[in-house]
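Here the structure comes first, spelled out in structure tokens, and everything after it is commentary.
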Amino acid sequence: MQLTSTAATIISLLMATSADAAALLRRDDAHVADFRSFGKEGCGADNQGIWTVTESQLTGCQTFASASGSDEPVMSVELVDITEGCHLLVYPDDTCYQIPVEVAVGECKSVVAEFRSYLITC
């Protein structure tokens, strides 16, 4: 009986430690921005989903294809929210080299060809 009680105590402690570590990890990787991409101009049709960016993902230029695993063209982007002092820039090329389009919160930006990459600066 004592062995069962000791085992239960150890399991409880391990579970509590794992939960605390997971919660701490989530807090350490703060949310930075959410934006939606669309396959059509105007941020209405062909909603491709929401992109959530955290601090650990601020690693420079990101292509939409490599980040999503899809080759679907991104024709418009709508910024849902972003940390104060940060900016979402979208580009028509894969390297964030050509002239960027800055997207403000609640704003939709469309392009005739397609957006191929994005960069969040803080």
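According to mature numbering (1 follows the signal peptide of the UniProt record, and there is no 0), the stretch in the sequence shown is residues -21 to -1, 1 to 101, in order.
C-beta: ideal position from N, C-alpha, C; glycine also.
In chain order, Ser55, Cys87, Ser89 place their CB closer than 8 Å to the CB of Gly21, counting only its own chain and leaving out the 5 sequence neighbours on each side. DSSP assignment within the segment 3 to 73 yields the following whole beta strand (DSSP E) runs of 3 residues or more, N-terminal first: 10 to 17, 26 to 33, 53 to 61, 66 to 70. Judged by their CB atoms, Phe94 and Val84 are not nearer to each other than the 9 Å cut-off. Taking the Cβ atoms as the reference, Asp50 lies roughly 21 Å from Thr31, outside the contact range of under 8 Å. A check of alpha carbon separations from Ala92 across Ala9, Phe17, His10, Ile99 identifies Phe17 as the nearest.
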